[in-house]
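Below is one structure, written out as structure tokens; comments come after it.
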Amino acid sequence: MRHKLNFEDTKIAFSLKSNKEVKWANVLFTIIGNRQLTAVARPITMFLLFIRFPIIPILKRTVFKQFCGGESILECKPVITNMFNKKKVCSILDYSIEGKESEEQFNFTLNIILKTFDFAKSLEATPFLVFKGTGLGRFGIFEKVSKKEALNAREREEWENIEARFDKICKQCSQTPNIKVMIDAEESWIQPAIDGLAEKMMSKYNKNRVVVFNTVQLYRWDRLEYLKMLNQKANKENHLVGIKLVRGAYMEKERERAAKKHYQSPICNNKQATDENFNKGVYYCLQNLNVFELFLGTHNELSSQLLVDLMNKAEIRHNDNRIWFGQLYGMGDHLSFNLADMGYNTAKYLPFGPVKEVIPYLLRRAEENTSVGAQTSRELYLIKKEIARRNKSTNNYMADRILS
Ligand SMILES: Cc1cc2nc3c(=O)[nH]c(=O)nc-3n(C[C@H](O)[C@H](O)[C@H](O)COP(=O)(O)OP(=O)(O)OC[C@H]3O[C@@H](n4cnc5c(N)ncnc54)[C@H](O)[C@@H]3O)c2cc1C
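Okay, here's the thing in structure tokens:
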């Protein structure tokens, strides 16, 4: 029997949000949905920061509050507790600092990730860690390794340091019975180096249980083959594979670079082709659950429904520990809270970090939302629906009081 999920239940979706927060989300998503406004957001924010205009407190109370858990792990704690205790939605602390370049900064990021590990290891609400390769090493070195270019002695040392940082995080997680770690996917021209390290970590630490997850972006037409290759490799080397499936976040950048450098774009020709590729990836992982664990990172309702259908068909329990659904904090609450309400394993990336440092992440989020307009209009539609529902129930309550 098909188990149709009701993602339109906005009462469940926004149950943790106050009236004021829902109204603010309405304003924010209206702004994000406007291409002209989003296009000027980056230069204006950078200019205000440059002239030291006190924009940080304003950002903290507005856009930061919508998309981030706090400035520190401790500040995120109430959000984590609230989502888990009230709705059984887990959190994945995501230290969202981007674009750093020095060894000192990479070691600093490593230490923060190890602190999230210390925090997460004893809590049921935080079963995953996450990190970005470029949070632990220079973009340029990932690019060079991806191109298989020879490294000089200093670069070799740099690369060894990056591998040691990956290893330290994965090893810590492997020494617990429950914590898993996801490695984010990035631009295609640095992804081979990230894949190489992720595969090394999986073959080292995924022997008895899945500790390490690599991310596969299915807006790339070549990545189904990569999934198949991972399966074969794991069977040969006798280990398990953790996979976070996403569509991919760098579409415009990828296409621009491919056009500029005259190579074939790695991105599927259109959205439909991406969707088909994504669906095939979901099927493939489910068919190979003896090897794969799957984390479905999407705000797409049809994709989430597809996985629910496939699980039902295969008679897989809703809370089977090999399958997770994931969204980003501040987005896709209609999926997260309704899925968790039905007993499916659900987690939200919870970005954190000092407001000033998180600004590039926030701007990227806004730009990405604008470029995939359907997502924003869906969020906006649901927020407006919830505001109308709340207004109606207040009116009914007032009418009842007057009439009684
Ligand atoms: C928990 C979580 C973790 C994530 N981790 C990563 C990560 O590690 N790396 C990463 O890159 N992204 C990551 N993302 C972002 C993700 O890749 C998508 O950008 C985002 O989720 C939007 O896709 P969707 O499936 O939610 O929704 P949809 O709205 O169904 O799809 C939008 C996506 O479809 C693709 N698309 C849109 N138009 C076209 C077109 N014309 N042609 C081809 N493809 C098109 C693009 O990928 C676009 O982002 C993550 C997302 C979540 C929720």
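The opening position of the sequence shown corresponds to residue 4 in our numbering, with each subsequent residue numbered one higher. Where a beta carbon is used, it is the ideal one built from N, C-alpha and C, also for glycine.
Backbone CA spacing between residue i and residue j [nearest angstrom]
{"i": "Lys7", "j": "Leu305", "result": "10 Å"}
{"i": "Gly73", "j": "Phe67", "result": "8 Å"}
{"i": "Asn164", "j": "Ser206", "result": "19 Å"}
{"i": "Phe109", "j": "Glu228", "result": "32 Å"}
{"i": "Trp224", "j": "Asn315", "result": "28 Å"}
{"i": "Asp97", "j": "Tyr352", "result": "6 Å"}
{"i": "Glu166", "j": "Arg45", "result": "33 Å"}
{"i": "Ser149", "j": "Ile193", "result": "6 Å"}
{"i": "Ala261", "j": "Asn85", "result": "44 Å"}
{"i": "Ala391", "j": "Val215", "result": "43 Å"}
{"i": "His302", "j": "Ala156", "result": "44 Å"}
{"i": "Leu132", "j": "Ala153", "result": "32 Å"}
{"i": "Gln69", "j": "Phe328", "result": "20 Å"}
{"i": "Leu52", "j": "Val82", "result": "28 Å"}
{"i": "Phe281", "j": "Met49", "result": "36 Å"}
{"i": "His242", "j": "Gly138", "result": "27 Å"}
{"i": "Pro57", "j": "Lys359", "result": "11 Å"}
{"i": "Met232", "j": "Ala317", "result": "24 Å"}
{"i": "Glu161", "j": "Gly136", "result": "13 Å"}
{"i": "Asn291", "j": "Ile319", "result": "13 Å"}
{"i": "Val184", "j": "Lys283", "result": "24 Å"}
{"i": "Tyr286", "j": "His265", "result": "33 Å"}
{"i": "Leu62", "j": "Pro269", "result": "35 Å"}
{"i": "Gly335", "j": "Trp27", "result": "16 Å"}
{"i": "Leu313", "j": "Tyr364", "result": "34 Å"}
{"i": "Arg484", "j": "Lys239", "result": "Outside the shown range of the chain, which is 4 to 407, sits residue 484, and nothing can be said about it."}
{"i": "Glu257", "j": "Glu190", "result": "7 Å"}
{"i": "Ala201", "j": "Ala276", "result": "27 Å"}
{"i": "Asn22", "j": "Cys71", "result": "19 Å"}
{"i": "Glu107", "j": "Arg55", "result": "26 Å"}
Proximity test, Cβ basis, 7 Å: residue i and chain B
{"i": "Gly333", "result": "In the structure shown, chain B does not exist; there is a single protein chain."}
DSSP-derived helix/strand/coil call for residue i
{"i": "Pro57", "result": "coil"}
{"i": "Cys288", "result": "helix"}
{"i": "Gln220", "result": "strand"}
{"i": "Glu104", "result": "coil"}
{"i": "Val215", "result": "strand"}
{"i": "Tyr332", "result": "coil"}
{"i": "Cys79", "result": "helix"}
{"i": "Ser94", "result": "strand"}
{"i": "Tyr352", "result": "strand"}
{"i": "Gly300", "result": "strand"}
{"i": "Leu132", "result": "strand"}
{"i": "Ile270", "result": "strand"}
{"i": "Gly199", "result": "helix"}
{"i": "Ile319", "result": "coil"}
Test item: CB-CB of residue i and residue j under 7 Å
{"i": "Val249", "j": "Gly300", "result": "yes"}
{"i": "Ala343", "j": "Lys20", "result": "no"}
{"i": "Ala188", "j": "Gln220", "result": "yes"}
{"i": "Ser307", "j": "Val92", "result": "no"}
{"i": "Thr379", "j": "Gly36", "result": "yes"}
{"i": "Glu104", "j": "Arg159", "result": "no"}
{"i": "Thr179", "j": "Lys124", "result": "yes"}
{"i": "Cys79", "j": "Phe355", "result": "yes"}
{"i": "Leu289", "j": "Ile246", "result": "no"}
{"i": "Phe10", "j": "Leu383", "result": "no"}
{"i": "Phe17", "j": "Glu389", "result": "yes"}
{"i": "Ile47", "j": "Leu40", "result": "no"}
{"i": "Tyr222", "j": "Gly199", "result": "no"}
{"i": "Asn341", "j": "Asp12", "result": "yes"}
{"i": "Arg168", "j": "Leu126", "result": "no"}
Given residue i as reference, the closest of the options once Cα atoms are compared
{"i": "Thr218", "options": "Thr349, Glu158, Ile186, Asp323", "result": "Ile186"}
{"i": "Thr349", "options": "Val184, Asp12, Ser21, Phe87", "result": "Phe87"}
{"i": "Val43", "options": "Lys151, Ser149, Asp312, Ala369", "result": "Ala369"}
{"i": "Cys176", "options": "Arg157, Phe122, Glu158", "result": "Phe122"}
{"i": "Asp170", "options": "Ile144, Ile116, Tyr286, Lys151", "result": "Ile116"}
{"i": "Phe295", "options": "Ile326, Leu154, Gln308", "result": "Ile326"}
{"i": "Lys14", "options": "Ile386, Ala402, Asn399, Asp403", "result": "Ile386"}
{"i": "Val244", "options": "Ile182, Asn209, Trp162", "result": "Asn209"}
{"i": "Pro357", "options": "Asn181, Arg38, Arg64", "result": "Arg64"}
{"i": "Leu77", "options": "Ser99, Arg55, Ile59, Lys118", "result": "Lys118"}
{"i": "Tyr332", "options": "Glu24, Lys26, Ser94, Arg38", "result": "Ser94"}
{"i": "Met254", "options": "Asn273, Lys239, Ile54, Ala237", "result": "Asn273"}
{"i": "Pro130", "options": "Ile144, Ile182, Arg168, Leu113", "result": "Ile182"}
{"i": "Gly346", "options": "Val311, Arg367, Pro363", "result": "Val311"}
{"i": "Arg367", "options": "Arg212, Arg381, Gln330, Ile100", "result": "Ile100"}
Proximity test, residue i beta-carbon vs ligand 2 heavy atom, cut-off 6 Å
{"i": "Leu331", "result": "Ligand 2 is not part of this structure, which contains only ligand 1."}
Query raised in the report: Which ranges would you report for the alpha helix (DSSP H) in the stretch 138-194 if only whole runs of at least 4 residues count?
Result: 142-149, 156-177
Query raised in the report: Of all the beta strand (DSSP E) runs that stay within the bounds of the stretch 4-50, which reach a length of 3 or more residues?
Result: none
Requested in this report: List in chain order: all unbroken beta strand (DSSP E) runs of 3+ residues lying wholly within the stretch 223-267.
Outcome: 244-249
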